[in-house]
Amino acid sequence: MAYNEKFANRIREYLMQFHHIEEKQMMGGIVFMYNEKMCVGVVKDDMMCRIDPEKYASALEQHGCRAMVFGTRTLKGYVLIDESGMRSKEDFAYWIGLALEYNPKANRAKKKKKD
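Numbering of the sequence shown is given in my numbering, commencing with residue 242 and proceeding in unit increments.
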């Protein structure tokens, strides 16, 4: 299933102010990497944010936010925000801000070895 291009463009425009942003097709959507780490993205019609696991429980209490489930596994520290949770510019900036705030502390994914 395709991802919401409107949300992807909205994120892309917001992140233009930062260096070291890279876009990757991943998980059936698009992911924006910041400093070589997964930061935010779009999965179907939701914005995905990688946030501090210590803020995960309180984030799930926010309007429009839910846990990210990949297959049967809940990914702690990853949340999905539907359109109702990011209608205003302030709400949108809040979620991306949480992801950007956590980014320096986040681990990089291990690079796959090439044969």
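Glycine included, C-beta positions come from ideal geometry on N, C-alpha and C.
- According to DSSP, is A350 helix, strand or coil? coil
- May I ask which residues mark the beginning and end of the beta strand (DSSP E) holding F273? 270-275
- Item | C-alpha gap between Y297 and L321, whole angstroms | Here the C-alpha atom of Y297 lies approximately 11 Å from the C-alpha atom of L321.
- Message: Rounding to the nearest angstrom, what Cα-Cα distance links G270 and M309 in this structure?
- Response: 13 Å
- Express the C-alpha separation of T313 and C338 in angstroms, rounding to a whole number. Looking at the sequence itself, residue 338 is Gly, so the reference to Cys does not match. Between G338 and T313, the C-alpha separation is close to 28 Å.
- Message: In whole angstroms, give me the CA-to-CA distance for Y275 and N348.
- Response: A straight line joining the alpha-carbon of Y275 with that of N348 spans about 12 Å.
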